[in-house]
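Peer 1:
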Amino acid sequence: MAYSELIKSFEKIRDYMRDFYVYGFKSREDYTKKSARSYDDERRRIESWLGGYMAFRHTSEGKNVFISVDNRSVTFNPLHNAWKAKSFTDKDIVLHFCILDYLADGNARSVNEITDGVADYLSHTETPFEIDESTVRKKLKEYAELGVLQDEKHGRLLYYRLAEDRVDLPSWEDAAAFFSEEAPFGVIGSYLLDRQEEAPEHFSYKHHYLLHTLDTQILFDTLCAMKEKRCIDIVNFSVRKDAEHEHRVYPLRFYISTQTGREYLLAYHYKFRKPMFFRLDTIRSITAGPVETRHEKYEGFASKFDENLWGVSTGGDYNVDHVELTLYVADGEGYIIDRLEREKRHGRIEAIDEHTYKFVADVYDAGEMLTWVRSFIGRVICFESDNKFAVNRFYDDVRRMRDMYRGGEEV
Amino acid sequence: MIFSEVYGSYFKAVSAILDKAVEGTLTERELTRTVLENAFGESLITIPAKLTDGSWPLLTEDFRTPLRHAPHAPLTTLEKQWLKALLLDPRVRLFAPSDEGLEDVEPLFTPDQFVYFDRYADGDDFTDPRYIEHFRMILRAMHEKRKLRVRFHGHRGTRQSYICIPYKLEYSSKDDKFRLITGFRNKPLTVNLSRIDSVHILDPWEENEYSLPREREKELVMDLYDSRNALERAMLHFSDLEKETERIDDRRYRITLHYRQGDETEILIRILSFGPVLKVIEPETMVTQIRERLERQAALLRQE
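Taken in sequence, the protein lines are chains A and B. Just so we're aligned: 109 in my numbering is position 109 of the first sequence, and the numbers increase by one with no gaps anywhere. If you want my numbering, it's the position in the second sequence, counting the first as 1, plus 411.
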């Protein structure tokens, strides 16, 4: 098939965009799972969609292609563009404009009338452009499902008119610009901004993660099932095992990290009989299953479960680890106590004396707290937990880091 | 359906082209310009050809169109549902959009379905009427290209007052805070919105005055050893910054990060949180700071 910059399936492009954006050091030869032709086509497409955000570097391993973005200076997520590259047929685009124009006066018309109307629009051309009633009927039905058209029965005949649209879009302009970057399904905000002459560029973002837009379809499919209280079948790719696995789960909530951009689904796993997390970016597909009659029971789990979650790790046994982190706070370092207060998520802070503060919590996995505990290096008087693995790892890490910065080889 | 051609750049470009054709202002040059403005890099190969070779018979030979109206598509249900969902977000009060036309749709999602588990707890109060008023005045000044008099209290409680051009409203999802990005006497100035005491809109600024003083950019080089899935974790964690990554060998990578000088302490903390899988190579000032923290840490542990 001839190359086109448009694509039929979004799933195919997810991995490439992710790799180009996240890693940036891979060369053509690293993409061994796909054919070289496929790599060349996908790279060319992404380059076309993202223009100036694509960068190249020549290394001894070959040419590296990557997406280079200073997220703090972008007003709109450039990766949203991938969602605007859906392929279509000649009939799709011709029918789109002709049908909407024919119905622009707001009157309802039958499928037969609309088909004739469309044919009239196309009568100027010498090249025959064949439009039949069944194609028009199919398109009308599709647009009614999208909400662009409204259908109504006149006797035995189905009539269509433009859907009522009283939304004051200009009043949403700034909100759409902001939430297109900061709300779930931001790409829909980007679609709305495309309807405007010019999108307002008054906002910028710090700690801004862009990659999640690639997982929007997974989020959407899951949410649709959640609305109907359905269980879902997940096909999940395990990076560790380099294999796909299927899971039947009941979806509960989405957990979003504002510090890494990772997004997770919390779901009750039927086979393992416990709540589990799945990263959205490793889910390949979602299929809705039957309605769950015991949904209230599982939703109750989610709230209870959250009480001891530090992040998204449940530890090995779902038992809680008791954690105590004692910090030294020097004169004029009140900002450390502020840090504890705003970053602690759970637990409590105790003032031991003027310079000593203790954070106490019970969490599912003390090991998951280590990234946070290490950020206090230089101030840790003591880190204690009944999770000895986590405690040992912390002290070992400190020792190894000290060696490393004293000139030793790392790890 | 999220992935649909009706939201696509091709439909957007053709809509803009037909808009001009209905007006009678479309020319070949205008067609090219419209495609470049609305679609992708390579769309110029496809769209004009399709519109003129009869594949998409929506234009006549004289760049007119058989269509009678400027193209318009009502909002889809999905678009309305998304807007309806935003009405449940406390931050929407900052904007005061109209809820008209959304009465009959269900929100696409609700806030309780999403948990931002590592967001800081001391975020801005988006329900505070004064905060909302300040936010809206800043936004209005941006729209009207006018200067502001901003009075605020600094970290140590000092009262400050500046006449400035508002360049951006910067939001951090991690901090859950807005900051006003501005400048004063060629120096960048960032003001937390929650620290603002008053905002007054002043005269319009002149074009030659509009030049955002850039905060000094710094570069940091560090080596990563890929153990404990460090490569993937670091690549994602630092993906909010402009970076370059080079493979040194099977397990080692060299990462160059670009960051703003004002964020140095935050960057240091983020690197420390990775433990011994990341080692800063330069700048030397950062290496020294890390070394000092590690020595201080060792001293604390010896006292234990």
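No residue lacks a Cβ here, since even glycine has one placed at the ideal position from N, Cα and C.
Sort Y53(A), F254(A), D105(A), F10(A) by Cα distance to K84(A) and report the nearest one.
Peer 2: Taking only the C-alpha atoms, the option nearest K84(A) is F10(A).
Peer 1: Is V249(A) close to chain B? Criterion is C-beta to C-beta, closer than 9 Å.
Peer 2: Not one chain B Cβ lies under 9 Å of V249(A).
Peer 1: Does the separation of the CB atoms of H322(A) and V373(A) fall below 9 Å?
Peer 2: No.
Peer 1: Enumerate, from N- to C-terminal direction, the unbroken alpha helix (DSSP H) stretches of 4 or more residues contained entirely within the region 572 to 614 of chain B.
Peer 2: With a minimum length of 4 residues, no continuous alpha helix (DSSP H) run stays inside the region 572 to 614 of chain B.
Peer 1: Where F376(A) and H564(B) are concerned, what is the direct C-alpha to C-alpha distance, given to the nearest angstrom?
Peer 2: In a straight line, the C-alpha of F376(A) is about 28 Å away from that of H564(B).
Peer 1: Check whether the region 235 to 243 of chain A and the region 108 to 119 of chain A are in contact - that is, three or more C-beta pairs closer than 8 Å.
Peer 2: The region 235 to 243 of chain A vs the region 108 to 119 of chain A: no contact.
Peer 1: Any chance the region 291 to 309 of chain A sits against the region 256 to 269 of chain A, with 3 or more Cβ pairs inside 8 Å?
Peer 2: Contact holds: three or more Cβ-Cβ distances are below 8 Å.
Peer 1: L223(A) touches chain B at which residues, Cβ-Cβ below 8 Å?
Peer 2: In chain order: L519, F520, Q524.
Peer 1: Tell me the DSSP secondary structure of E181(A) in three-state form.
Peer 2: Three-state result, E181(A): helix.
Peer 1: Determine the direct distance from the alpha carbon of G673(B) to that of Y3(A), and round the result to whole angstroms.
Peer 2: So the two alpha carbons sit approximately 46 Å from each other.
Peer 1: Quick check on DSSP: helix, strand or coil for E643(B)?
Peer 2: Residue state, collapsed to three classes: helix.
Peer 1: Distance, Cα to Cα, T438(B) vs F185(A)?
Peer 2: Straight-line Cα distance between these residues: approximately 37 Å.
Peer 1: Can you name the residues of chain A whose CB is closer than 7 Å to the CB of M553(B)?
Peer 2: The answer, in chain order, is H202.
Peer 1: Looking only at its own chain, which residues have a Cβ that is under 8 Å from the Cβ of R475(B), when we skip the five neighbours before and after it?
Peer 2: Taken in chain order, the residues that qualify are A432, G435, L437.
Peer 1: Got a sec, what are the start and stop residues for the alpha helix (DSSP H) A481(B) sits in?
Peer 2: That residue, A481(B), is in no alpha helix (DSSP H); it is neither H nor E in DSSP.
Peer 1: Using the C-alpha atoms, what's the distance from R479(B) back to D233(A)?
Peer 2: Going by the C-alpha atoms only, they are around 48 Å apart.
Peer 1: Any beta-carbon of chain A closer than 9 Å to the one on V632(B)?
Peer 2: False, the Cβ-Cβ gap to chain A never drops below 9 Å.
Peer 1: Start and end of the alpha helix (DSSP H) containing K63(A)?
Peer 2: Where K63(A) is concerned, there is no enclosing alpha helix (DSSP H), although the beta strand (DSSP E) it sits in stretches over 62 to 67.
Peer 1: Going by DSSP in three states, E133(A) sits in which element: helix, strand or coil?
Peer 2: Helix at E133(A).
Peer 1: Using the beta-carbon of each residue, which ones in chain B are nearer than 9 Å to A445(A)?
Peer 2: The question about residue 445(A) has no answer here: the residues shown for chain A are numbered 1 through 411.
Peer 1: In three-state terms, what does DSSP make of A85(A)?
Peer 2: Three-state result, A85(A): coil.
Peer 1: Would you call the region 123 to 130 of chain A and the region 55 to 62 of chain A in contact, with 3 or more CB pairs under 8 Å?
Peer 2: No: fewer than three Cβ pairs fall under 8 Å.
Peer 1: Between the alpha carbons of L497(B) and V698(B), how many angstroms are there, rounded?
Peer 2: Rounded to whole angstroms, L497(B) to V698(B) spans 44 Å at the Cα level.
Peer 1: Output yes if chain B places a C-beta closer than 9 Å to the C-beta of M401(A); else output no.
Peer 2: Answer yes: the Cβ-Cβ gap between M401(A) and chain B drops below 9 Å somewhere.
Peer 1: If we count the other Cβ atoms within 10 Å of its Cβ and call it buried at 16 or more, is S454(B) buried or exposed?
Peer 2: It counts as buried.
Peer 1: Which residue's Cα is closest to the Cα of R570(B): R562(B), L469(B), P577(B)?
Peer 2: Of R562(B), L469(B), P577(B), the residue nearest in Cα terms is R562(B).
Peer 1: Does the distance from the CB of D281(A) to the CB of E307(A) come in under 9 Å?
Peer 2: Against a cut-off of 9 Å, the Cβ pair of E307(A) and D281(A) comes out as no contact.
Peer 1: Is DSSP giving F429(A) helix, strand or coil here?
Peer 2: Given a span of 1 to 411 for chain A in the structure shown, any question on residue 429(A) remains unanswerable.
Peer 1: Indicate whether Y542(B) and D536(B) have their beta-carbon atoms separated by less than 9 Å.
Peer 2: Yes. Within cutoff.
Peer 1: Starting from R702(B), find everything on chain A with Cβ-Cβ shorter than 9 Å and list it in chain order.
Peer 2: Near R702(B) (Cβ distances below 9 Å), the residues of chain A are R402, Y405, R406.
Peer 1: Are the Cβ atoms of F20(A) and R43(A) separated by less than 9 Å?
Peer 2: Yes, the Cβ-Cβ distance between F20(A) and R43(A) is below 9 Å.
Peer 1: Identify the contact partners of D533(B) in chain A, using a Cβ-Cβ distance below 9 Å as the criterion.
Peer 2: Within chain A, the residues near D533(B) are D338, E341, R342.
Peer 1: Would you check if the distance between the CB atom of V688(B) and the CB atom of Y621(B) is smaller than 9 Å?
Peer 2: No; because the gap between Cβ atoms is not below 9 Å, this pair is not in contact.
Peer 1: Quick check on the DSSP output: the alpha helix (DSSP H) that includes M553(B) runs from which residue to which?
Peer 2: 540 to 554 is the span of the alpha helix (DSSP H), which, as asked, contains M553(B).
Peer 1: Taking beta-carbon pairs under 9 Å, can you tell me which members of the region 441 to 467 of chain B lie near chain A?
Peer 2: Going along the region 441 to 467 of chain B in chain order, one finds N449, A450, F451, G452, E453, S454, I456, T457, K461, D464, G465, S466, W467 with a Cβ nearer than 9 Å to chain A.
Peer 1: Considering just the uninterrupted stretch of the alpha helix (DSSP H) at N392(A), what are its terminal residues?
Peer 2: Run containing N392(A): 388 to 405, per the alpha helix (DSSP H) assignment.
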